[in-house]
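Colleague: To start, I am sharing the structure in question, which I have written as structure tokens.
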Amino acid sequence: MAAETKAKVIDGKAFAEKVREQVAAHVARLQAENGLTPGLAVVLVGEDPASAVYVKNKGIQTKASGMNSYEHKLAADTSEADLLALIDRLNADPSVHGILVQLPLPDHLNSELVINRIDPAKDVDGFHISNVGLLGTGQKSMVPCTPLGCLMMLRDHHGKLAGLNAVVVGRSNIVGKPMAQLLLGDSCTVTIAHSRTKDLAEVCRGADILVAAVGRPEMITGDMVKPGATVIDVGINRIERDGKAKLVGDVHYESAAAVAGAITPVPGGVGPMTIACLLANTLTAACRANGLAEPEGLTA
Ligand code: NDP
Numbered sequence: 003m004a005a006e007t008k009a010k011v012i013d014g015k016a017f018a019e020k021v022r023e024q025v026a027a028h029v030a031r032l033q034a035e036n037g038l039t040p041g042l043a044v045v046l047v048g049e050d051p052a053s054a055v056y057v058k059n060k061g062i063q064t065k066a067s068g069m070n071s072y073e074h075k076l077a078a079d080t081s082e083a084d085l086l087a088l089i090d091r092l093n094a095d096p097s098v099h100g101i102l103v104q105l106p107l108p109d110h111l112n113s114e115l116v117i118n119r120i121d122p123a124k125d126v127d128g129f130h131i132s133n134v135g136l137l138g139t140g141q142k143s144m145v146p147c148t149p150l151g152c153l154m155m156l157r158d159h160h161g162k163l164a165g166l167n168a169v170v171v172g173r174s175n176i177v178g179k180p181m182a183q184l185l186l187g188d189s190c191t192v193t194i195a196h197s198r199t200k201d202l203a204e205v206c207r208g209a210d211i212l213v214a215a216v217g218r219p220e221m222i223t224g225d226m227v228k229p230g231a232t233v234i235d236v237g238i239n240r241i242e243r244d245g246k247a248k249l250v251g252d253v254h255y256e257s258a259a260a261v262a263g264a265i266t267p268v269p270g271g272v273g274p275m276t277i278a279c280l281l282a283n284t285l286t287a288a289c290r291a292n293g294l295a296e297p298e299g300l301t302a
């Protein structure tokens, strides 16, 4: 029998809805007062079905917030030169404030080269090396969407994060490392754990804030959680259980929720915040490009 849930459930779906409403209200003001409509260009190379779904959802939500959405679908065998030429055109287009190249790219394309061709001011994924450096040195940057969403939920739950012990399990460039930088920026004492970490359970038990970004279904169990801690589960894992397809996180929800003070569920936790933060980043980029005040509470 599943253990009784004790933790407060952090509702990422409802939070994302609030963020989208804030973005839409700000966009409406920009249009009315400045005649400016932010625009997001999404580039998809190839036919990967999961990527196609993400791109479609991004387009729908971008339009729903009042912004312009430009989709560029390129054939799987598109040459690097053609892709870079498209990015150059989007960089030069003043109606495009955000550019996102959907990853992963087909093997013949060099992702780093492609991402680093995007104008850093339009890099709404925050993956350009300039933005990575700016974030790492505590300067204004475009912040990767998933960690930004986690930070927003943590600030909302805790108020100030200063002095809290944060453990981030996972050191990828898209989640783990930027998440750790953001928590450091909010003056947490940060530990980054990974596959070589010794006694991961003991490290995790020291966390007031535990962020799991591992990509291993239900790996973080209740015995690894400090009583009362806040657990943010970034993981999205498709598994089969009792003959049915199921989506689970990197955290074993039932056992962790019995110990934690607050926890994000999967689905309905971090996932919905990622696209909401993409919209927020596009709005921020449009404001910065036009010398206008940035939206409050939607940036790091
Ligand atoms: P990566 O595979 O790039 O990184 C996984 C990290 O976990 C690595 O740093 C790895 O360590 C570490 N790790 C793997 N196994 C262990 C272990 N046994 N103990 C401790 N650490 C371990 O994954 P991503 O960061 O891209 O994604 C992480 C998860 O988040 C995935 O489930 C992904 O689907 C999900 N995700 C969700 C998003 C959302 O919108 N909610 C967005 C992006 C990702 P090492 O470096 O030593 O190999």
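Per this note's numbering, residue 3 is the first one in the sequence shown, and the count goes up by one each step. Backbone N, C-alpha and C define an ideal beta-carbon position, used for all residues, glycine too.
#1: The ligand NDP and Asp225: does any heavy atom of the ligand fall closer than 7 Å to the residue's C-beta?
#2: Cβ atoms of Ile234 and Val268: under 8 Å apart, would you say?
#3: Is it buried or exposed, Lys58, if we count other Cβ atoms within 10 angstroms and call 16 or more buried?
#4: Leaving out the 5 sequence neighbours to the left and right, which residues in its chain are closer than 7 Å to Met3 when beta-carbon positions are compared?
#5: Could you tell me whether any non-hydrogen atom of the ligand NDP is closer than 7 Å to the CB of Asn283?
#6: Using the rule of at least 16 other Cβ atoms within 10 Å of the residue's Cβ for burial, across every protein chain shown, is Val21 buried or exposed?
#7: Can you name, in chain order, every residue of its own chain whose Cβ lies under 6 Å from the Cβ of Asp125, other than the five neighbours on each side?
#8: In the DSSP output, which residue or residues are listed as bridge partners for Glu73?
#9: Please work out which residues of its chain come closer than 8 Å, Cβ to Cβ, to Asn112, disregarding the five sequence neighbours upstream and downstream, and give them in chain order.
#10: In chain order, what residues of the same chain have a beta carbon less than 6 Å from the beta carbon of Thr266, not counting five sequence neighbours either side?
#11: Starting from Gly242, follow its DSSP beta bridges and name the residues at the other end.
#12: Is Thr276 helix, strand or coil by DSSP?
#13: State the CB to CB distance for the pair Leu239 and Asp210, rounded to an integer number of angstroms; the pair is presumed to be in contact (CB under 8 Å).
#14: Is it a yes or a no for the segment 64 to 76 touching the segment 117 to 124, going by three-plus beta-carbon pairs under 8 Å?
#15: Closer than 7 Å to a non-hydrogen atom of the ligand NDP - does that hold for the CB of Asp50?
#16: Go ahead and pull the three-state DSSP assignment for Leu102.
#17: Assess, as a yes-or-no matter, whether the segment 22 to 40 is touched by the segment 276 to 295 under the definition of 3 or more beta carbon pairs within less than 8 Å.
#18: Check whether the Cβ atoms of Ala18 and Ala278 lie closer than 8 Å to each other.
Modeller: Based on what the coordinates show:
#1: no
#2: no
#3: exposed
#4: For Met3, the pLDDT reaches just 48, beneath the cut-off of 50, and the residue's location in the model is therefore unreliable, although a value from the coordinates is still provided. None.
#5: no
#6: buried
#7: For Asp125, the CB contacts under 6 Å within the same chain, skipping 5 residues up- and downstream, are Asn133 and Met144 in chain order.
#8: Val44
#9: Glu82
#10: Ile12, Gly14, Ile234, Asp235 and Val272
#11: Note that residue 242 is Glu in the sequence shown, not Gly. Beta-bridge pairing links Glu242 to Ala247.
#12: helix
#13: Here residue 239 turns out to be Asn, not Leu, going by the sequence shown. With a Cβ gap of about 25 Å, Asn239 and Asp210 do not count as contacting.
#14: no
#15: no
#16: Note: Leu102 maps to strand in three-state DSSP.
#17: yes
#18: yes
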